[in-house]
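Numbered by UniProt numbering, the letters in the sequence shown go through residues 1 to 262 in order. Read through the structure below, which is laid out as structure tokens, and then see the notes.
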Amino acid sequence: MIGVALHSDSPCDAAGLPHQHTLIDEDSELKNAVKEASSSAGHCTGNLGTLPELLAEYIRKNPNIRGIPTPGDAKKEVKCTLYMDDVTLFCMDGKSVQSLLEACKDFAKASGAKINVDKSQAKLFVHWDLCNEPLPFPIEAGLVKILGIWFGGPEAAAKSWNERLAKVNQKLGFWSLRHLSIEGKALVLRNDALPVLQYVTQAWPLLANVAWAVNSMVFHFVWHSKMDRVKRTVMHKVHRKGGKAVPHIPTILRAFFVCGCV
């Protein structure tokens, strides 16, 4: 289970960057740690854009921080993810959380940049007792959206799927204004609608009610009506078997989710 996700839209504040060399020289251990991280992620001098990479590398190499174990036999774990200036950190237990906070303080001393607490937040999964050692970040009580996907509760999966269904419905509505053949509509479903839904399978499995809604949406788009003129099993067949090659999107989405878990 995910323990804590510390999410920051702007993780580093450059207010102290001009003093970074003096701060690093004061502590040789921090100096060596930052140099080691710099060799893997780049150099931080004069370049604010590489600071998140340096922080991430410093956290990855910290043995006291336990991240999320990945599926499979590789016995690897994920401690942080980065996307542009968006940084998410993961911890499995309270000890890892405290080690993470200490690592952030050490990084601030070494680099002259600090975590922007006002733009960061923490998300707790399952039960956590943080009364004795509260976090310096505000705790998000509701759902949290990370890279377009909702997390944080049993309703997160349904909310993620429903948002994507609305986008697909809008796309198909625009395509319905064109006079497309069935083959053209099958191409639209495969190349325009499917990728929008496929993105959710990286985090959540396909829900039964979502699968039903997808099928209804697909054939309403194909026939411009709630009445099917040809059996759906025939429509899903390839052309050489007498079908129209309309993709069975629920099956494809389930396959994507399973492949991502293997």
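Don't be surprised by glycine CBs; every beta carbon is placed ideally from N, CA and C. Note that the structure is a prediction, hence the values are computed from the model and not measured.
Asked                                                                                                                                                                 : Found
Thinking C-alpha only, which one of K95, P138 and V196 is nearest I252?                                                                                               : V196
For L55 and W175, I'd like the C-alpha separation in whole angstroms.                                                                                                 : 45 angstroms
How many angstroms separate the CA atom of M217 from the CA atom of N169?                                                                                             : 7 angstroms
What does the Cβ neighbour count give for I249, buried or exposed, with the cut at 16 atoms within 10 Å?                                                              : buried
Rounded to whole angstroms, what's the CA-CA distance from P18 to G112? Just pull it up for me.                                                                       : Residue placement at P18 is flagged as unreliable, the pLDDT there being 35, under the threshold of 50; the coordinate-derived value follows with that caveat. So the alpha carbons of these two residues sit roughly 8 angstroms apart.
Considering Cα atoms alone, identify which of A208, I59, M235 and W204 is closest to F219.                                                                            : M235
Should D25 be labelled buried (16 or more other beta-carbon atoms within 10 Å of its own) or exposed?                                                                 : Low local confidence applies: a pLDDT of 42 at D25 is under 50, so the model's placement there is unreliable, and no value is given.
How big is the Cα-Cα spacing for L207 and F107?                                                                                                                       : 42 angstroms
In whole angstroms, what separates the C-alpha of P247 from that of P69?                                                                                              : 34 angstroms
In terms of residue numbering, what span does the beta strand (DSSP E) encompassing D86 cover?                                                                        : D86 to C91
So who's on the other strand from I83, going by DSSP bridges?                                                                                                         : Looking at the sequence provided, one finds Tyr at residue 83 rather than Ile. DSSP, once it has assigned bridges, lists D86 as partnering Y83.
Leaving out the 5 sequence neighbours to the left and right, which residues in its chain are closer than 7 angstroms to A156 when beta-carbon positions are compared? : L143 and W150
Rounded to whole angstroms, how far is the Cβ of V200 from the Cβ of R254, which I believe are closer than 8 angstroms?                                               : No, V200 and R254 are not in contact; Cβ-Cβ is about 12 angstroms, not under 8 angstroms.
Using the rule of at least 16 other Cβ atoms within 10 Å of the residue's Cβ for burial, across every protein chain shown, is I65 buried or exposed?                  : buried
Taking the beta carbon of L135 as the centre, do at least 16 other beta carbons fall within 10 Å, making it buried, or is it exposed?                                 : buried
Note down, in chain order, each residue of its chain lying with its Cβ closer than 6 angstroms to the Cβ of F257, except the 5 sequence neighbours on either side.    : T201 and P205
Need the endpoints of the alpha helix (DSSP H) that V214 sits in, please.                                                                                             : A208 to W223
So what's I182 in DSSP terms, helix, strand or just coil?                                                                                                             : helix
With 16 as the cutoff for other CB atoms within 10 Å, does A110 come out buried or exposed?                                                                           : buried
Rounded to whole angstroms, what's the CA-CA distance from Y83 to D192? Just pull it up for me.                                                                       : 24 angstroms
Provide the residue span of the beta strand (DSSP E) that contains A122, from first to last.                                                                          : S120 to L124
Kindly indicate which three-state DSSP category V78 falls into: helix, strand or coil?                                                                                : strand
So, with DSSP's three-state summary, where would you put F137?                                                                                                        : coil
Over what stretch of residues does the beta strand (DSSP E) that includes K109 continue unbroken?                                                                     : K109 -> not in any beta strand (DSSP E); alpha helix (DSSP H) instead, spanning G94 to S111.
Buried or exposed for L91, going by 16 or more other Cβ atoms inside 10 Å?                                                                                            : The amino acid at residue 91 is misidentified as Leu; the sequence shows Cys. Its Cβ being crowded by 16 or more others within 10 Å, C91 is buried.
Quick one: what does DSSP say K231 is sitting in, helix, strand or coil?                                                                                              : coil
If you drop the 5 nearest sequence neighbours on each side, which residues of the same chain put their C-beta closer than 8 angstroms to that of G260?                : T201 and Q202
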